[in-house]
Structure formats: C-alpha cells, structure tokens
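Structure first, then comments.
Numbering (the working numbering), first residue to last: 524 to 593.
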C-alpha cells in the first residue's frame, strides 16, 4: 500500500530491474503502478473461457464454483 498526500491508501504493483552501466551494477530502477481500478473490477467478467478437461477439476465443476462465488 502507498499513501496519497491526504493520507488515503491505494494498492500498487511494482517491479525492480537492475541498472547496469558498462557491465557494472549502478543501482536499480523500481517502477510502481496504481492498481486501484484493476482491484475494483476484480471478479467482474463478461466472458470466461473454460476448458472441459483440466488436471485438478473439470470445467463444469469449476464453472459451478465460479457462479456460486459471484
């Protein structure tokens, strides 16, 4: 979680890549992105493509579980 100047928090996703200059590690670059909108839309799907034969659970059972979770 990161915080805005007003004190409210928001979720972020981040990744870090090494900064290499002339073959030497000169530091790192970290990129942060606000994922508030993605989190708000989580669980809302217009279409789900389901495979009938899956290793752990068949597609029919998985679809029933998804419908029950919504």
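The beta carbon of each residue, even a glycine, is placed where N, CA and C say it ideally should be.
Residue i versus the options, residue with shortest Cα-Cα distance
i           : options            : result
residue 558 : 591, 573, 549, 535 : 535
residue 553 : 529, 538, 543, 546 : 538
residue 570 : 560, 589, 584      : 589
residue 555 : 549, 540, 546, 580 : 540
Coil, strand or helix - residue i by DSSP
i           : result
residue 547 : strand
residue 536 : strand
residue 589 : helix
Where the alpha helix (DSSP H) containing residue i begins and where it ends
i           : result
residue 564 : 559-564
DSSP bridge partner residues for residue i (one or two, in chain order)
i           : result
residue 542 : 550
Alpha-carbon to alpha-carbon, residue j and residue i
i           : j           : result
residue 562 : residue 577 : 27 Å
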